[in-house]
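S.K.: My questions all concern the structure below.
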Amino acid sequence: MTESYIWSVDSIAAGNLLLSLGLKLCPEQELMIAEHFARHRRDAHEWAAERARDRIVSKLETASLELGPRSSDDWSQGFQRAEQTVLTMTPDDLVGAEVGKARSKGQVLRALVRRAKAAAQAEASHA
Numbered sequence: 001m002t003e004s005y006i007w008s009v010d011s012i013a014a015g016n017l018l019l020s021l022g023l024k025l026c027p028e029q030e031l032m033i034a035e036h037f038a039r040h041r042r043d044a045h046e047w048a049a050e051r052a053r054d055r056i057v058s059k060l061e062t063a064s065l066e067l068g069p070r071s072s073d074d075w076s077q078g079f080q081r082a083e084q085t086v087l088t089m090t091p092d093d094l095v096g097a098e099v100g101k102a103r104s105k106g107q108v109l110r111a112l113v114r115r116a117k118a119a120a121q122a123e124a125s126h127a
C-alpha cells in the first residue's frame, strides 16, 4: 500500500465511481482507485490548511500594525508568540481531521468483499 491513508470515504467514492461508470474491476484495481482518492483528499486537506494559515497570518499582521504601536512590550511579545504558534501548526492542527493509522491491504480488501457481497444481495432482492 502507498503512504496514503485510505478512509472509508475513499473506498466508498471508488465504489460509487465504478458503479456510475458501470464498471466491474477486481478488488486490487478498486483499491488503487481508493488510494488515488485518498491522496487527493489528503492534498486537498493540506491545501485548505495552508490557505487557512495564510489567512490567519494576514489578519494577525493587519492587527499587529493597527494595535502594535499603541501596546506594551509584553503585549507585543505575546502577539509575536501567537503568530509563531500559528505558523508552526500542522495541517491536521488547523483543519482538525486526524489521519489515524493506515489500514492494511487485507483490511481494505475484506471491506471491499463485504461491500460487494452486500451489493449483490441487495441486487438479488430487487430482482
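Residue numbering for the sequence shown follows my numbering, beginning at 1 and increasing consecutively.
Note that the Cβ used here is the ideal one computed from N, Cα and C, for glycine as well.
Give the straight-line distance between the Cα atoms of Lys-117 and Ala-52, rounded to the nearest whole angstrom.
M.R.: 42 Å
S.K.: List the endpoints of the continuous alpha helix (DSSP H) containing Ser-58.
M.R.: 27-67
S.K.: So Leu-23 is in the alpha helix (DSSP H); what residue range does that whole segment cover?
M.R.: It is not in any alpha helix (DSSP H) - Leu-23 carries neither H nor E in the DSSP assignment.
S.K.: Within the continuous alpha helix (DSSP H) that includes Ser-71, where are the two ends?
M.R.: Per DSSP, Ser-71 belongs to no alpha helix (DSSP H) and is neither H nor E.
S.K.: Look at the Cβ atom of Ser-64, then the Cβ atom of Phe-79, and state whether they are nearer than 8 Å.
M.R.: Inclusion of Ser-64 and Phe-79 in the CB contact set at 8 Å is warranted, their separation being smaller than that value.
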